[in-house]
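Only one structure is covered here, and it is reproduced in the block below.
Protein chains: 2
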Amino acid sequence: MPVILRPEELTLKTWVQFARTFTRMARRLDQALETHGLSVPQFDILATLGFQEGITQQELAQRLLVTKGNICGMIDRMEANGWVERRPDPEDRRANRLFLTDEGRKLLGRAMPDQQLLLGRIFDALKEGEKQLLYQFMGRLEDAVEG
Amino acid sequence: MPVILRPEELTLKTWVQFARTFTRMARRLDQALETHGLSVPQFDILATLGFQEGITQQELAQRLLVTKGNICGMIDRMEANGWVERRPDPEDRRANRLFLTDEGRKLLGRAMPDQQLLLGRIFDALKEGEKQLLYQFMGRLEDAVEG
DNA sequence: TATTGTTATACTCTATAACTATA
DNA sequence: TATAGTTATAGAGTATAACAATA
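Chain order of the listed sequences is A and B.
Using numbering that gives the first Met the number 0, read the first sequence as starting at 0 and increasing by one per residue.
Using numbering that gives the first Met the number 0, read the second sequence as starting at 0 and increasing by one per residue.
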């Protein structure tokens, strides 16, 4: 039975529940990633490169909403682990293009199905149309954030 | 015009958008809290105590989904700032009961309206019924997280 | 024995800012 | 001048685990 909230308290409570749900889901996903020796930000980088290789560090930073200094350190560690590779951009000698190594691709191939399975089980709580709606709501909320 | 996604990609994309929206909103709220010298976790503690004073550190930890060791350090810093107060529980000498100081209450009184204004502006992107729906979805998703 | 809180330790992610090399 | 990346630094929040006091 759905809880109905009064308008005055609805916004705040929705945000609190939003944050709570995000935290719980993120931790569950993090827990699953640990079995692969990955953190969430590292997985995000692997997944982004799996989707589109050859982007620059700057582009990666913008997609993941972090600074380039942050990405630089992340890539240092991930390159040391043999998961990703920096290749000089032949047309702009300031820039690096980022690629997955074979090992990085294999690692992503092991971790991604886990994540999808977990997400699938959780999102089973919503019907197809509800998921579409949620996706929409998220987009509208993101657009409504100023700055 | 709403974007329609194919079922196969919907779950993953919804999660990615979910995480992205949460991050953006949390940073915007954090930015506003900085003007009061507060972090998000600190605000969460003030708000929790503003809602219900006299809880123990353990109870606070459980509500905020963090460990008691974490809370202990947070309260150390916030007590040093003069925002909260530990009072020994007369009935259980192991426990502390937590209270806002006058200054903590004033600080919360300054920071909370900011946060509510910001949230109000962002959540204006959703109609009343949509907010209710989102609140519901979040509760169902949280319940679907195992562990 | 179990629980509350404390302490010590360590780690990850994050940001800022100054620096370099190129554009 | 502006941009891509690097480096150094700092800080917050988080967890784990061992410990003390009390229940």
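From the three backbone atoms N, C-alpha and C, an ideal C-beta is built for every residue, glycine too.
7 Å CB neighbourhood of R109 of chain B in its chain, flanking five on each side removed: Position 110 of the second sequence, counted from the start, is the residue given in the question as residue 109 of chain B. Excluding positions up to five away in sequence, the list reads H35.
Distance between D43 of chain A and G68 of chain B (C-alpha atoms, nearest Å): Numbered from its first residue, the second sequence carries residue 68 of chain B at position 69. Numbered from its first residue, the first sequence carries residue 43 of chain A at position 44. When rounded, the distance between both Cα atoms is 29 Å.
Pick from A:K130, A:R26 and A:L37: whose alpha carbon is nearest that of K105 of chain A? Start at 1 with the first residue of the first sequence, and residue 105 of chain A comes out as number 106. Minimum Cα distance to K105 of chain A is reached at A:L37.
Within-9 Å CB hit, D123 of chain B to chain A: Mapped onto the second sequence, residue 123 of chain B falls at position 124. True, the Cβ-Cβ gap to chain A drops below 9 Å.
How many angstroms separate the CA atom of E52 of chain B from the CA atom of Q135 of chain A? If you number the second sequence from 1, residue 52 of chain B lands on position 53. If you number the first sequence from 1, residue 135 of chain A lands on position 136. Cα-Cα distance, rounded: 38 Å.
Return yes when the Cβ of L132 of chain A is within less than 9 Å of the Cβ of E129 of chain B, no when it is not. Reading the second sequence from its first residue, position 130 is the one you call residue 129 of chain B. Reading the first sequence from its first residue, position 133 is the one you call residue 132 of chain A. Yes; because the gap between Cβ atoms is below 9 Å, this pair is in contact.
From E102 of chain A to P40 of chain A, what distance separates their C-alpha atoms? Sequence index remark: in the first sequence, residue 102 of chain A carries index 103 (1-based). Sequence index remark: in the first sequence, residue 40 of chain A carries index 41 (1-based). Approximately 18 Å between the Cα atoms of the pair.
State the start and end residues of the unbroken alpha helix (DSSP H) segment that holds P89 of chain A. As a position in the first sequence, residue 89 of chain A is number 90, starting the count at 1. From DSSP, P89 of chain A is part of no alpha helix (DSSP H); its letter is neither H nor E.
Restricting to Cα atoms, I'd like to know which of A:F122, A:A143 and A:V144 is closest to P6 of chain B. In the second sequence, counting from the first residue as 1, residue 6 of chain B sits at position 7. Cα-wise, what sits closest to P6 of chain B is A:F122.
With DSSP run on the structure shown, which of helix, strand or coil describes V144 of chain B? Locating residue 144 of chain B in the second sequence gives position 145, where the first residue counts as 1. Residue state, collapsed to three classes: coil.
Please report the straight-line C-alpha distance between T13 of chain A and E127 of chain A, rounded to a whole angstrom. The count along the first sequence starts at 1 and reaches residue 13 of chain A at position 14. The count along the first sequence starts at 1 and reaches residue 127 of chain A at position 128. Approximately 21 Å between the Cα atoms of the pair.
Neighbourhood of L28 of chain B by C-beta distance below 7 Å, restricted to the same chain and skipping five residues each side: Indexing the second sequence from 1 puts residue 28 of chain B at position 29. Only V39, Q114 and L117 meet the Cβ criterion.
Which residue comes first and which comes last in the beta strand (DSSP E) that contains L99 of chain B? As a working mapping, residue 99 of chain B is identified with position 100 in the second sequence. Run containing L99 of chain B: N95 to L99, per the beta strand (DSSP E) assignment.
In angstroms with no decimal places, state the Cα-to-Cα distance between A94 of chain A and Q56 of chain A. Within the first sequence, residue 94 of chain A is the residue found at index 95, counting from 1. Within the first sequence, residue 56 of chain A is the residue found at index 57, counting from 1. Distance between the alpha carbons of A94 of chain A and Q56 of chain A: 8 Å.
Span separating the alpha-carbon of T100 of chain B from that of G49 of chain B: Numbered from its first residue, the second sequence carries residue 100 of chain B at position 101. Numbered from its first residue, the second sequence carries residue 49 of chain B at position 50. T100 of chain B and G49 of chain B: Cα-Cα distance of roughly 10 Å.
I'd like the span of the alpha helix (DSSP H) that includes D75 of chain B, first residue to last. Counting from 1 along the second sequence, the entry for residue 75 of chain B is found at position 76. K67 to A79 is the extent of the alpha helix (DSSP H) around D75 of chain B.
So, using beta-carbon positions, are E141 of chain B and T10 of chain A closer together than 9 Å? Along the second sequence, one-based indexing puts residue 141 of chain B at 142. Along the first sequence, one-based indexing puts residue 10 of chain A at 11. Cβ distance not < 9 Å, so E141 of chain B and T10 of chain A don't count as in contact.
What residue range is occupied by the uninterrupted alpha helix (DSSP H) comprising Q51 of chain B? Within the second sequence, the letter at position 52 stands for residue 51 of chain B. Element bounds for Q51 of chain B: n/a, residue is neither H nor E.
List the residues that DSSP assigns as beta-bridge partners of V15 of chain A. Residue numbering aside, residue 15 of chain A sits at position 16 when the first sequence is read from its first letter. Paired residues: none, contrary to the question.
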